[in-house]
Every structure is written in structure tokens, then in C-alpha cells.
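Asks: In numbering that gives the first Met the number 0, the protein residues as written are 0 to 40. Just so it is clear, CB atoms sit at the ideal spot from N, CA and C, and this is done for glycine as well.
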Amino acid sequence: MKIRNSLKSLKGRHRDNRVIRRRGRTYVINKTQPRFKARQG
0 MKIRNSLKSL
10 KGRHRDNRVI
20 RRRGRTYVIN
30 KTQPRFKARQ
40 G
């Protein structure tokens, strides 16, 4: 999992990326390519 300041650029890297807010944190998750996981802050 990458930790980035801005997730907007990561969202466009794969068509299955989803931006999700959990417990006050913002995540990018991808069910088909888990290597694109990221968290903000």
C-alpha cells in the first residue's frame, strides 16, 4: 500500500480503482489489481 498526499492521480491509473472513505481516512482500493492500493495522510 502506498501512502500519498493526493489520491486523485492514483485513481486514474486503473479503471477498477475506487476512492473510499473509512474511519476518517481516504483509500484507493482495487479488487482486480491489489497493487494499486493507496491511503491518504
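Does the Cβ of Asn-16 have 16 or more other Cβ atoms within 10 Å, making it buried, or fewer, making it exposed?
Replies: Here residue 16 refers to the residue found at position 17 of the sequence shown. Per the 10 Å Cβ criterion, buried.
Asks: Tell me, please, which residues DSSP counts as bridged to Gln-39.
Replies: The count along the sequence shown starts at 1 and reaches residue 39 at position 40. Gln-39 is bridged to Arg-3 and Thr-25.
Asks: Look at the Cβ atom of Leu-9, then the Cβ atom of Thr-25, and state whether they are nearer than 7 Å.
Replies: Translated into positions along the sequence shown, residue 9 becomes position 10. Translated into positions along the sequence shown, residue 25 becomes position 26. Leu-9 places its beta carbon 7 Å or farther from that of Thr-25.
Asks: Can you name, in chain order, every residue of its own chain whose Cβ lies under 8 Å from the Cβ of Asn-4, other than the five neighbours on each side?
Replies: On the sequence shown, residue 4 is found 5 positions in, with the first residue counted as 1. The answer, listed in chain order, is Gln-39 and Gly-40.
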